[in-house]
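The structure appears right after this line, and notes come after that.
Number of protein chains: 2
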Amino acid sequence: MIEKPAGEKKPQRLGVREIAKRVGVAPMTVSRVLSNPDMVSPETRARVLEAIEQAGFVPNRLASSMRGNGRMIGTVVPPLINSGIAEQVQGMSDQCHEGGYSMLLVQGEFTQEAEERSIRTLLGWRPVGMILQSFVQSEAARALLQSSAVPVVEISEIKGRKPIDMVVGVSNFETAYAMTMHLAAKGYKRIGFVSTPVHGNDRLQQRRTGYHAALNELGFTNHGDMEVEVPITAQGGAEALVTLTARHKDIDAIFFSSDTLAVGAVQECHRRGWVVPGRIAIAGYGDMDLAAQLYPPLTTVKVNRYEMGRRAVRQLLARLGGDTKVPTITSLGFEIVDRESA
Amino acid sequence: MIEKPAGEKKPQRLGVREIAKRVGVAPMTVSRVLSNPDMVSPETRARVLEAIEQAGFVPNRLASSMRGNGRMIGTVVPPLINSGIAEQVQGMSDQCHEGGYSMLLVQGEFTQEAEERSIRTLLGWRPVGMILQSFVQSEAARALLQSSAVPVVEISEIKGRKPIDMVVGVSNFETAYAMTMHLAAKGYKRIGFVSTPVHGNDRLQQRRTGYHAALNELGFTNHGDMEVEVPITAQGGAEALVTLTARHKDIDAIFFSSDTLAVGAVQECHRRGWVVPGRIAIAGYGDMDLAAQLYPPLTTVKVNRYEMGRRAVRQLLARLGGDTKVPTITSLGFEIVDRESA
DNA sequence: CATTAAGATTATAATATTATAATTTGTCAA
DNA sequence: TTGACAAATTATAATATTATAATCTTAATG
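The listed protein sequences derive, respectively, from chains E and P.
Residues 1 to 342 in the working numbering are what the first sequence lists, from first letter to last.
Residues 343 to 684 in the working numbering are what the second sequence lists, from first letter to last.
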């Protein structure tokens, strides 16, 4: 038998084991002090806590997770800039924090490959729940999620496809339909529609469909050329305004699928000396912070994105907590906020 | 000896072990196919890949991390809404993704306790690197970070305190000093300053100090009541404008510490029929997307937040890649973008 | 004083991966 | 046909935690 040099003590990494050794107790006891303090006698508990404090020990959640006590929620979101998604993320983050969970964030694009890659990355970390924006497009991704058996909340369009698991969202169809009707009720007859690229984006598709449905019902002719797609920037909004008004001199209102675009368009009107809504009415979507303060104040669709984020997490946590009758589909309400721009 | 029922096969969780069994190979071989494919013969590799594909296996990164191959970067950020932080997060996220890392995001507040709690949470996941916004305030948090030996990048003010490890940022002092000088050069003599609450926020403190320094140098008297703190909303900006102009009829320019505030103030001017910059000049900070499109276009300080995020991650990855001469302090440049609002 | 029970603590095993060391297989030359 | 060497593969051990089962302590009771 080969004798090991006895004095060789490697600088133990800080873990329950090390803390236990210092206190003179078993690792399990340390673990319990952290997760089930009541099962440990007050004196032992005090000594352990002291040692933890003293050593600056932070329990390793990777190991806990492996053992089946994960506290991580994964999420895939579209680009944060200008999109109002930031508020949703904030909602998710706040609720995660409140529940003692951490949030792993991956930015995805609206393409099948990117989506699949993002989901795969997240699954690698074995999150206990996932929150996805917009319906999962690729069949492979769906299969992956399904077989992983992780609870999933999609923050998305309510109508249409069958959800993977749970859904939180609004009916984008309804919102757009309602806004279009609202504009018609105010007397506008030639209503244009501007959005960011709808390809691969459920929500935008539904909004456009809602707009179409309203026009049909109203008996308004719908020239396909009264719609434009632009990037989600203020400049995009301004350009859309220019394009549409050039094409149709008599256009009297434009419904933008995002406040960011609408705000850009309003600035363009100022530049041209056009009165809003006198020369043309502008409506947005999202009710961003600036909307109410804008000059003139922006008529828009108000959706509580922060609340959506919170709800999504809350549903996940409820499910994780063993609540079996968590609602599968939660539709949040919306409001048409009638301000002066339309 | 107690005999176990032989036929009892539990439904093996999907791992390298299970894949290995299915292919008829050792787990290590599967592991290598994933991380060092060159060390496995092409035929074996093909069979393993096939099995992985077929089973929908996603390697468990928790286990890899435990073994010392972590690919997670933790970050603490202030609230995302309205703050321009979204762009930084996007930059970090993009660069993380590019390097094959995942991003764990925790939202923090500018208080010592909250900061410490956030850092503790992140450390629990044993990230291989951390990115923090603003200098770490609490001594306990500093100690925690130091003893964890994780590379840290602070995205923060360059001047002042000693960094924990690496810093990326701009000199907020310089930017504010430069803008104030710029306003003076354009002939404005009574320049107000509006910011969001500076308490606990290094960057804002430095901006205010820069503003003061410029005023002193110019020989302008600095009434303390030419400064206001408001929440970071468009409404906050509007209210600040009202407050300051009511206090000082002759104020001729206001420097806002955020574009969000400046935009709100411009709207208030429109409401009052005040010409910008005729009646009063407005300057912002950040050069948000809307700034250039605003009517009138906003004079502002341009800082490339997206790039800051990218750089922060790149520095971390360089360090992790063994590059020992990674710069400790990186100061990004800035621009005074002179548009029409001032 | 032995017995019982409750309470507190400890031992064991399991989670999935991978660096390292050990072993097997294959090839070529002597 | 064996020895040497390289390539490919496998065995072992280590990472940190915790549910479970097992053990130990203490006090009270008959």
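Note that beta-carbon positions come from the ideal geometry of N, C-alpha and C, so glycine has one too.
Pair within 8 Å by beta-carbon distance, residue i and residue j
i: Gln-137/E; j: Phe-173/E; result: no
i: Thr-343/E; j: Ala-291/E; result: Because chain E in this structure spans residues 1 to 342, residue 343/E falls outside the shown range and cannot be described.
i: Gly-552/P; j: Gly-578/P; result: no
i: Gln-133/E; j: Ile-119/E; result: no
i: Glu-457/P; j: Ala-483/P; result: yes
i: Met-166/E; j: Thr-29/E; result: no
i: Gly-74/E; j: Met-130/E; result: yes
i: Leu-342/P; j: Ala-625/P; result: For chain P, the structure presents residues 343 to 684; residue 342/P sits outside this window and is missing.
i: Thr-602/P; j: Ile-593/P; result: no
i: Val-33/E; j: Leu-49/E; result: yes
i: Gln-437/P; j: Gly-651/P; result: yes
i: Leu-487/P; j: Ile-506/P; result: yes
i: Thr-175/E; j: Val-230/E; result: no
i: Gly-466/P; j: Arg-61/E; result: yes
i: Val-418/P; j: Leu-464/P; result: yes
i: Val-608/P; j: Leu-636/P; result: yes
Chain E contact for residue i (CB, 8 Å cutoff)
i: Leu-486/P; result: yes
i: Ala-580/P; result: yes
i: Pro-401/P; result: yes
i: Tyr-627/P; result: no
i: Arg-462/P; result: yes
i: Trp-467/P; result: yes
i: Ser-444/P; result: yes
i: Leu-447/P; result: yes
Counted within 10 angstroms of its Cβ, other Cβ atoms place residue i as buried (16 or more) or exposed
i: Asn-543/P; result: buried
i: Pro-5/E; result: Confidence at Pro-5/E is low in this model, with a pLDDT of 39, below 50, so its placement is unreliable and the value that follows should be read with caution. When all chains shown are included, Pro-5/E counts as exposed.
i: Pro-127/E; result: buried
i: Lys-302/E; result: buried
i: Gln-54/E; result: exposed
i: Asn-69/E; result: exposed
i: Pro-401/P; result: buried
i: Val-382/P; result: buried
i: Ala-368/P; result: exposed
i: Asp-323/E; result: exposed
i: Thr-330/E; result: buried
i: His-97/E; result: buried
i: Gly-82/E; result: The residue you asked about is not Gly; residue 82/E is Asn in the sequence shown. Buried, since its Cβ has 16 or more Cβ neighbours within 10 Å.
i: Glu-43/E; result: exposed
i: Thr-453/P; result: exposed
i: Arg-589/P; result: exposed
i: Gly-349/P; result: In this prediction, Gly-349/P has a pLDDT of 36, which is less than 50 and means its spatial position is unreliable; what the coordinates show is noted afterwards. By the neighbour-count rule (16 or more Cβ atoms within 10 Å), Gly-349/P is not buried but exposed.
Chain-ordered chain E contacts of residue i [CB-CB under 7 Å]
i: Pro-421/P; result: Gln-90
i: Ala-576/P; result: Asp-289, Leu-290, Gln-293
i: Ala-393/P; result: Per Cβ cutoff of 7 Å: no residues; Ala-393/P is ~15 Å from chain E at best.
i: His-612/P; result: Tyr-295
Beta-carbon neighbours of residue i, restricted to chain P and to distances below 8 Å
i: Ser-65/E; result: Leu-404
i: Gly-264/E; result: Leu-632, Gln-635
Chain P contact for residue i (CB, 8 Å cutoff)
i: Thr-243/E; result: no
i: Gln-267/E; result: yes
i: Gly-56/E; result: yes
i: Ser-147/E; result: yes
i: Leu-320/E; result: no
i: Val-275/E; result: no
Partner residues on chain P for residue i, Cβ-Cβ distance less than 9 Å
i: Glu-87/E; result: Leu-422, Ile-423
i: Gln-95/E; result: By Cβ distance, chain P contributes nothing, its closest Cβ being about 11 Å from Gln-95/E, past 9 Å.
Any non-hydrogen atom of the ligand PLP closer than 7 Å to residue i Cβ
i: Gly-651/P; result: Because no ligand of any kind appears in the structure shown, any question about the ligand PLP cannot be addressed here.
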